[in-house]
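See below for the structure under consideration.
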Amino acid sequence: MEALNPQKIHTRNTIFNACGEGMWGFAMAFHNMNSVIPMFLAQMGASAFVLGLIPGGFILLVAVPQLLSATLFRNASNIKKLNVGMHFAMAPIALLIGLTYYVFEVDGQAGISVYLGLWVIWSLGVGFLVPVWADFLASVTIPGKRGRFFGITFTVNAILGMAGGYVLKEVLALETLSFPRNFGVAFLIMTAAILIGNVFFIFMRVIRVPEVKAKKVDRWWHRLKDIYIGDKNFRHYIYSRALAAATMMPLAFYGVDLQSRFGLPLSAAGTFTFFLVVGQAIFNIVFGYLGDIYGRKMAISGFFVGHFLAGLTAIYATEPWMAYLTFVFVGMAFGAAQSSFMVFVYEFAGEGGDNKLYYAALDTAIAPFIIVYISVAGLIVERFGTIPLYNLSMVFILAGLLLFIFKVKSPLSVSASTNN
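Quick note: the sequence shown uses the working numbering, first residue 119, plus one each step.
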């Protein structure tokens, strides 16, 4: 029988998680909220207001059930079984989305309404899963190597996402598949990839089950109040992320705007996704290692910089290659976020802290700002166009970056100074 050496288990978990998340990356290339879905809905005649709801609304809906999930599963005895089960529960929703457009060929306003209803269910399901998933990943990794774990995992995720973007482009270009059946096929491929990816999670092993210290086990609203009031550094981080949530405003419009500006075909949705995940593939691993070596703040700064460069490039884009570069920069921002956001929350919570509640506290606090951003994004585009929206978003991103650099301290350094 294999000895339960934590390092060996960590390495083994990295491989299986990379395979599982890789298949999820392939799957999500067919359902990308920042490139595919806005173009899908625009093809059915959705308004700019509806398009503006998609990326930010997804993040908002993901935040809604997290406190409930964190509370319900705070003392879950088998975090692995719970995580695997909740991942499999997402597949039927994906299947229903695929059948709606491939078999029933729902289009126009009816197609928009049906998709939005399924999108709400999908997003809430992801939100219910996130705290459990975050706790599970904390339980299968060694603290000092989590940045590399996430960097490797999400680099594989992005590489297979590139493959998914290419397959999506080919599917949408098939003359034998009319709209919306071509997107229906894409969503069915997504379903199959999700099921395959989930199997790999079964083979992962728990190294250490995160346990909340007894003194912190209290009613969830008391613990939430302690986090918001007692952790000033975490509040500053919330403020910086709240400003940066303005990145939600332009994401839905990059693809639609740049496709229209350069007269690109509908299959450009796959091309944009391809370049987005190219950026993720490169910067997941880069920021994962930089975060472990030089600190998480350097890595997370890449999130702000990537979104700022994306907006700047979209404003001055005069050639199709600049449209693709815009999505590379979006991928850079996503790479920094994927490799570092979750680890940063672990550092705020501390070993033995409530990872799920800290994660839920962050997303819940940011949610009201996202509501404002996505409410005005479509209205700004309808009245003034996309360029003013991109400029406004960049102002908020820059403010968030400056606040993050000068006000947010590394949780590990704060903990070390407190102990000394």
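All C-beta atoms, glycine included, are put in the ideal place defined by N, C-alpha and C. Owing to the predicted nature of the structure, the values given are computational and were not obtained by experimental measurement.
Item: Residue span of the alpha helix (DSSP H) that contains N351, given as start and end; Value: 350-362
Item: Residues of its chain near L530, where Cβ-Cβ distance is below 7 Å and the 5 sequence neighbours each way are ignored; Value: E465
Item: Proximity below 8 Å, CB of I172 to CB of M146; Value: no
Item: Integer-rounded CB distance, given that A212 should sit under 8 Å from I347; Value: Contact flag wrong, Cβ pair sits at about 40 Å.
Item: Through-space distance from K527 to T132, alpha-carbon basis; Value: 29 Å
Item: Proximity of I345 and L475 at Cβ, strictly below 8 Å; Value: yes
Item: Contact between the region 440-457 and the region 403-420 (3+ Cβ pairs under 8 Å); Value: yes
Item: Assigned exposure category for Y412 - 16 Cβ within 10 Å defines buried; Value: exposed
Item: The alpha helix (DSSP H) enclosing M162, as first and last residue numbers; Value: Where M162 is concerned, there is no enclosing alpha helix (DSSP H), given that its DSSP letter is neither H nor E.
Item: Cβ-based burial, I356 [other Cβ within 10 Å; buried from 16]; Value: buried
Item: Contact set for W240: own chain, Cβ-Cβ below 6 Å, skip 5 residues either direction; Value: I211
Item: Beta-carbon contacts of N135 that lie in its chain and below 8 Å, excluding the five residues immediately before and after; Value: L255, V258, F267, T271, F318, F319, M322
Item: The region 214-234 in contact with the region 499-509 per 3-pair CB rule at 8 Å; Value: no
Item: Delimiting residues of the alpha helix (DSSP H) encompassing R617; Value: Examination of residue 617 is not possible in this model, given that the chain is present from 119 through 538 alone.
Item: Status (buried if at least 16 other CB within 10 Å, exposed otherwise) for W142; Value: buried
Item: Whether A495 touches M367 by CB criterion (8 Å); Value: yes
Item: DSSP state of F222 mapped onto helix, strand, coil; Value: coil
Item: Cβ contact (3+ pairs, closer than 8 Å) linking the region 365-382 and the region 483-502; Value: yes
Item: Expected contact under 8 Å - CB spacing of R264 and V461 to nearest Å; Value: 5 Å
Item: Segment contact flag, the region 478-487 with the region 415-435, C-beta cutoff 8 Å, min 3 pairs; Value: no
Item: Cβ neighbours of N123 in the same chain (closer than 6 Å, five flanking residues each side left out); Value: none
Item: Extent of the continuous alpha helix (DSSP H) to which N473 belongs; Value: 473-502
Item: Chain D within 8 Å of L369, Cβ atoms only; Value: Protein chains in the displayed structure number just one, and chain D is not present.
Item: Same chain, Cβ closer than 7 Å to M157, neighbours up to 5 away in sequence not counted; Value: G373, V374, Q377, L384, A387
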